[in-house]
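See below for the structure under consideration.
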Amino acid sequence: MTPPLSFFEIVWLARWPLLYGLGTTVAISALAILGGTVLGTGLGLALTYGNRAMRGIARVYTDVIRGTPVLVLVLASFYILGTVGLDLSAFQAGVLALTLFCASHVGEITRGALQTLHKGQTEAAKAIGLTFGQTFRYVLGPQALRLALPPLINTAAEMVKASTLLSVIGVAELLLRTQEVISRAFHSLEFYLLAGLLYFLVNFAIERLGRYVERRVSLA
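All letters in the sequence shown, in the order written, are residues 3 to 222 by the numbering used here.
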């Protein structure tokens, strides 16, 4: 009779599905963080410097999305958009949902950082002939980034954790791949601990990268 495989032997046999799931998680998180940062920065600028209509639209978006559970956004992006003719794959719908959610948080972080800066800096920039784009790039943006980096790092880590919800729509990220391996190997506790370790390593890498950028920015 063949002896049962050990946990480490099963991990070795399942290494490619697990690595594929980890890669999918990293890709989803990176796309959501990148897209959410770009969109969120625009929201923050609209909330701070936009006219009344722009501020109103940005405020409604931010409050509605922040107040909606991520799982609801994921299900809506996958199922509801399909009913109106926008057919997205599970991966695309998941990235869209996380991007929208990330943007709402980045928008509030950006608004808070920009409103902390003294208004006299904007007036001084206007006085020497800088356009708003130049003012933001050279004067306001670098200072706001220093203030916003710590909460931005936390938001990035939250996106990695939120990516686990995409398993409900069939995205083969790390959690779903882990569950598939467990269904065949029955080492539930060990594999969930392994998945938790991998998520921790991803978030630890984000935290260290964020701290490095924070140090570099503070010296600029």
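Glycine residues also receive a C-beta, built at the ideal position from the N, C-alpha and C atoms.
*asked:* Rounded to whole angstroms, what is the Cα-Cα separation between S79 and V86?
replied: The sequence position of residue 79 within the sequence shown is 77, counting from 1. The sequence position of residue 86 within the sequence shown is 84, counting from 1. Going from the Cα of S79 to the Cα of V86 covers about 11 Å.
*Should S165 go down as buried or exposed, given a rule of 16 or more other Cβ atoms within 10 Å for buried?*
Within the sequence shown, numbered from 1, the residue matching residue 165 stands at position 163. Label assigned to S165: buried.
*Closer than 6 Å by C-beta to R68: which residues in its own chain qualify, once you throw out the five before and the five after it? Chain order, please.*
For the purposes of this step, residue 68 is identified with residue 66 of the sequence shown, where counting begins at 1. S106, listed in sequence order.
*First through last residue of the alpha helix (DSSP H) which encompasses H107*: Taking the sequence shown and counting its residues from 1, one reaches residue 107 at position 105. Per DSSP, H107 belongs to the alpha helix (DSSP H) from 92 to 118.
*Straight-line Cα distance separating F202 from Y194*: Position 192 of the sequence shown, counting from 1, holds the residue named residue 194. Position 200 of the sequence shown, counting from 1, holds the residue named residue 202. The alpha-carbon atoms of Y194 and F202 are separated by roughly 12 Å.
*Cα-Cα separation, A48 to V173*: Mapped onto the sequence shown, residue 48 falls at position 46. Mapped onto the sequence shown, residue 173 falls at position 171. When the Cα atoms are used, A48 and V173 turn out to be separated by approximately 33 Å.
*asked:* If the criterion is Cβ atoms closer than 7 Å, does the pair T50 and R139 meet it?
replied: Counting from 1 along the sequence shown, the entry for residue 50 is found at position 48. Counting from 1 along the sequence shown, the entry for residue 139 is found at position 137. The answer is no: Cβ separation not under 7 Å.
*D65 (DSSP reduced to helix, strand or coil)*: The residue given as residue 65 occupies position 63 in the sequence shown. Helix, per DSSP.
*Whole runs of the alpha helix (DSSP H) within the segment 128 to 162, excluding any shorter than 4 residues*: 134 to 137
*If we ignore side chains and look at the alpha-carbon of each, how far apart do L102 and L7 end up?*
Mapped onto the sequence shown, residue 102 falls at position 100. Mapped onto the sequence shown, residue 7 falls at position 5. One C-alpha to the other measures close to 44 Å.
*Spell out a yes or no on whether the segment 148 to 157 and the segment 206 to 213 are touching, meaning 3 or more CB-CB pairs, one atom from each, closer than 8 Å.*
yes
*For the alpha helix (DSSP H) that T50 lies in, which residues bound it at each end?*
By 1-based counting over the sequence shown, the position of residue 50 is 48. Where T50 is concerned, the enclosing alpha helix (DSSP H) starts and stops at 17 to 51.
_Using the three-state DSSP reduction, which class does T124 fall into: helix, strand or coil?_
If you number the sequence shown from 1, residue 124 lands on position 122. Three-state DSSP puts T124 in a helix.
*Of the residues G135, V141, A207, Q117, which one's Cα is nearest the Cα of A126?*
The count along the sequence shown starts at 1 and reaches residue 126 at position 124. Measuring from the Cα of A126, the nearest candidate turns out to be V141.
*Can you give me the Cβ contacts of G84 inside the same chain, cut-off strictly under 6 Å, excluding the 5 residues immediately before and after it?*
The residue labelled residue 84 in the question sits at position 82 within the sequence shown. Here the set comprises nothing.
_Backbone CA spacing between L90 and Y81 [nearest angstrom]_ = As a working note, residue 90 is residue 88 in the sequence shown. As a working note, residue 81 is residue 79 in the sequence shown. Cα-Cα distance, rounded: 9 Å.
_So, with DSSP's three-state summary, where would you put F188?_
Taking the first residue of the sequence shown as 1, we reach residue 188 at position 186. In this structure, F188 counts as coil in the three-state DSSP scheme.
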